[in-house]
Amino acid sequence: MKHALIWIVASLGLALAGPAAAQLKPTKPRAAPELNLPTLEGGRVNLADLRGRVVLVNFWAVWCPPCRKEMPSMERLSKLMAQRPFTILASNAGETPEQIRSFLKEVPLTFPILLDQDSARMKAWRVFVLPTSFLVDKQGQIRYSLSGHIEWDEPEAVAVIEKLLAE
Amino acid sequence: MQRLFIAFCLLLLAQTGLAAATEETVTLASGTAITSQRYAHERAGVVVLWFTGQYGRLEEEHRAAAQLAAKGYEVWLTDWLSPYFLPQVAGSLAQVPEADLAEWLEQMRQHHAGRPLVLVASGHATTLPLRAAAAWQARFEARLPVAGAVLLGPLLYLDPEPGEEPVYDPVVARTRLDLVLLVPMSSAGYWWREAMQSAFEAAGSRVHVGVLAGLRDRFYHRSDANAQEQAEGARLGEILAPHIASLTKETQP
Chain B
2 MKHALIWIVA SLGLALAGPA AAQLKPTKPR AAPELNLPTL EGGRVNLADL
52 RGRVVLVNFW AVWCPPCRKE MPSMERLSKL MAQRPFTILA SNAGETPEQI
102 RSFLKEVPLT FPILLDQDSA RMKAWRVFVL PTSFLVDKQG QIRYSLSGHI
152 EWDEPEAVAV IEKLLAE
Chain F
33 MQRLFIAFCL LLLAQTGLAA ATEETVTLAS GTAITSQRYA HERAGVVVLW
83 FTGQYGRLEE EHRAAAQLAA KGYEVWLTDW LSPYFLPQVA GSLAQVPEAD
133 LAEWLEQMRQ HHAGRPLVLV ASGHATTLPL RAAAAWQARF EARLPVAGAV
183 LLGPLLYLDP EPGEEPVYDP VVARTRLDLV LLVPMSSAGY WWREAMQSAF
233 EAAGSRVHVG VLAGLRDRFY HRSDANAQEQ AEGARLGEIL APHIASLTKE
283 TQP
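If you're matching them up, the sequences are chains B and F in order. Position in the first sequence (from 1) plus 1 gives the number in the numbering used here. Position in the second sequence (from 1) plus 32 gives the number in the numbering used here.
Following this line, the structure appears as structure tokens:
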């Protein structure tokens, strides 16, 4: 009976607490893998051409609810940083342009959407859950990573980006 | 609460014309009582041992078990967390004692002597049947008593870190089974299915990978399930049946 009560209380507590909040984690600096992909708009973006800028590389899919949830905050962050050497690249995992455009009708985004149609880049970057994000510094080194979604325009995330911009 | 749930399932199944479950309890040497919901078919040959996970008893899994019973399988649907008063989170699955899993599997083998056993689980809970089979083999040093396992959307990484090589649950390297991995196409696991297949094969398992087009992880139990997921979730038993049959080399159970 005592065990049963502890179990009920523990389960209730866990249910109310929900999953642990995701957060940006500093990583041992390492060179970012290649990211050279076509964009939804018909161009092409190569991460290597963005040296001197801090880059948020985000791996996402339309089918992924937490990915969709964080996208508006990424758009706000993009606008907040519009005059700074900062770029967001959102690499889509294997969906069709039609599927992505359908989502963009609901959530308009102005930063580049990259088409990783066979998810080869997602694998090269060792991404196992979506969304996953990386902050790449001005020298092309991965400095922070994140599994899960956050509000990218909240002070904690902006402070990390500002720190990288100040280097 | 448990009785209320079972009553609800019985009512639901009565409305759908599907078989109702009986409750079966196996008491292990540790004193732990493992209770299963048994969906029977009078001419069943193959016995399906379905290990439920951190979501407890799901209506959708019971409906699938009843569908399998209607197709001629006997299904034992077993919750492994509540017997140990473990919280319903994925992290609890590792705390289920392996000795108990192996002993329970042995009791199932004896109870169903001569009949093929097929193990089924989904998501994080896929660790349970694999641990049961590996521990059984280590303890009894004999041919595994199971025809194989169907793993639905297996989640067998140990806290994957972005940018790092994947570390699989150690049970992957201890598994020597015939496996069917059913991977939802709209999942990160879809893109890593070949890596998981290779990890199992390197350990000595034979693996077939099936892709579930247009579906996400836990498609049969999602609050945001779309129309396709709802439709496919409603026929989960029918989705699993051919894969169970493939493991037993039978077209008819």
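Every residue gets a Cβ at the ideal spot worked out from N, C-alpha and C, and that includes glycine.
Euclidean distance between Cα positions of residue i and residue j
i: Glu196 (chain F); j: Trp112 (chain F); result: 31 Å
i: Val121 (chain F); j: Tyr87 (chain F); result: 8 Å
i: Gly155 (chain F); j: Leu272 (chain F); result: 15 Å
i: Val182 (chain F); j: Leu137 (chain F); result: 16 Å
i: Pro192 (chain F); j: Phe129 (chain B); result: 7 Å
i: Gly185 (chain F); j: Ser92 (chain B); result: 23 Å
i: Ala77 (chain B); j: Trp153 (chain B); result: Checking the sequence, you will find Arg at residue 77 (chain B) rather than Ala. Whole-angstrom Cα-Cα distance: 8 Å.
i: Ile162 (chain B); j: Met217 (chain F); result: 34 Å
i: Ser68 (chain F); j: Gly149 (chain B); result: 35 Å
i: Lys281 (chain F); j: Pro274 (chain F); result: 10 Å
i: Leu209 (chain F); j: Val78 (chain F); result: 17 Å
i: Gln99 (chain F); j: Pro198 (chain F); result: 36 Å
i: Leu214 (chain F); j: Ala102 (chain F); result: 22 Å
i: Leu166 (chain B); j: Glu42 (chain B); result: 27 Å
i: Leu71 (chain F); j: Pro115 (chain F); result: Note on identity: in this sequence residue 71 (chain F) is Tyr, with Leu being the wrong assignment. Going from the Cα of Tyr71 (chain F) to the Cα of Pro115 (chain F) covers about 20 Å.
i: Gln127 (chain F); j: Asp201 (chain F); result: 13 Å
i: His253 (chain F); j: Gln84 (chain B); result: 44 Å
i: Val178 (chain F); j: Ile89 (chain B); result: 50 Å
i: Gly146 (chain F); j: Met140 (chain F); result: 11 Å
i: Val46 (chain B); j: Thr40 (chain B); result: 7 Å
i: Pro27 (chain B); j: Pro73 (chain B); result: 24 Å
i: Leu190 (chain F); j: Phe83 (chain F); result: 20 Å
i: Gly221 (chain F); j: His94 (chain F); result: 25 Å
i: Ala227 (chain F); j: Ala52 (chain F); result: 39 Å
i: Asp132 (chain F); j: Pro194 (chain F); result: 35 Å
i: Pro147 (chain B); j: Leu187 (chain F); result: A small correction: the amino acid at residue 147 (chain B) is Leu; Pro does not occupy that position in the sequence shown. Distance between the alpha carbons of Leu147 (chain B) and Leu187 (chain F): 19 Å.
DSSP state of residue i mapped onto helix, strand, coil
i: Pro67 (chain B); result: helix
i: Phe135 (chain B); result: strand
i: Gln142 (chain B); result: strand
i: His275 (chain F); result: helix
i: Val199 (chain F); result: coil
i: Pro30 (chain B); result: strand
i: Trp153 (chain B); result: coil
i: Val161 (chain B); result: helix
i: Gln69 (chain F); result: strand
i: Gly53 (chain B); result: coil
i: Gly236 (chain F); result: coil
i: Leu118 (chain F); result: coil
i: Val128 (chain B); result: coil
i: Tyr222 (chain F); result: helix
i: Asp190 (chain F); result: What sits at residue 190 (chain F) in the sequence shown is Leu, not Asp. Looking at Leu190 (chain F) - three-state DSSP - the assignment turns out to be coil, as it is neither helix nor strand.
i: Leu147 (chain B); result: strand
i: Ala205 (chain F); result: helix
i: Ala1 (chain B); result: It is not possible to answer for residue 1 (chain B), since the shown part of chain B is limited to 2 through 168.
i: Ala167 (chain B); result: helix
i: Leu268 (chain F); result: helix
i: Ala231 (chain F); result: helix
i: Ala245 (chain F); result: strand
Chain F residues whose Cβ lies nearer than 7 Å to that of residue i
i: Trp64 (chain B); result: Ser218 and Arg248
i: Ile151 (chain B); result: Here the premise fails: no neighbours, minimum Cβ distance about 13 Å.
i: Thr28 (chain B); result: Gly195
i: Ser120 (chain B); result: Trp223
Chain B residues whose Cβ lies nearer than 8 Å to that of residue i
i: Asp256 (chain F); result: Pro66
Boundaries (first-last residue) of the alpha helix (DSSP H) holding residue i
i: Gly265 (chain F); result: Ala259 to Gly265
i: Arg250 (chain F); result: It is not in any alpha helix (DSSP H) - Arg250 (chain F) carries neither H nor E in the DSSP assignment.
i: Glu106 (chain F); result: First-last for Glu106 (chain F): Glu106 to Thr110, but that is the beta strand (DSSP E), not the alpha helix (DSSP H).
Within chain F, the residues that residue i reaches when beta carbons sit closer than 8 Å
i: Trp61 (chain B); result: Chain F residues near Trp61 (chain B): none, gap ~11 Å exceeds 8 Å.
i: Ala94 (chain B); result: Ala220 and Trp223
i: Ser103 (chain B); result: By Cβ distance, chain F contributes nothing, its closest Cβ being about 13 Å from Ser103 (chain B), past 8 Å.
i: Arg143 (chain B); result: Per the sequence shown, residue 143 (chain B) should be read as Ile rather than Arg. Neighbours of Ile143 (chain B) on chain F, chain order: Gly195.
Residue i - containing beta strand (DSSP E), residue span
i: Leu214 (chain F); result: Asp210 to Ser218
i: Ala101 (chain F); result: Ala101 (chain F) -> not in any beta strand (DSSP E); alpha helix (DSSP H) instead, spanning Glu91 to Ala102.
i: Glu56 (chain F); result: Thr54 to Thr59
i: Pro39 (chain B); result: Asn37 to Pro39
i: Trp82 (chain F); result: Val79 to Phe83
i: Val233 (chain B); result: There is simply no residue 233 (chain B) to check, as chain B begins at 2 and stops at 168 in what is shown.
Cross-chain neighbours of residue i in chain A, by beta carbon under 7 Å
i: Met123 (chain B); result: No chain A is present in this structure, whose protein chains are B and F.
Chain-ordered chain B contacts of residue i [CB-CB under 7 Å]
i: Tyr189 (chain F); result: Phe129
Contact set between residue i and chain F, taken where Cβ atoms lie within less than 9 Å
i: Leu147 (chain B); result: Pro194
i: Phe135 (chain B); result: Pro194 and Gly195
Chain B contact residues for residue i, given Cβ-Cβ distances below 9 Å
i: Pro198 (chain F); result: Arg127 and Phe129
Closer than 7 Å: residue i CB and nearest the ligand GDP heavy atom
i: Ser68 (chain F); result: In the structure on display, the ligand GDP does not appear, and there are no ligands present to speak of.
Could you tell me which uninterrupted alpha helix (DSSP H) segments, each at least 4 residues in length, are contained entirely in the stretch 124–187 of chain F, listed from first to last along the chain? 130–143 and 159–172
Within the stretch 56–124 of chain B, ranges of the alpha helix (DSSP H) (whole runs, at least 4 residues): 66–81 and 98–107
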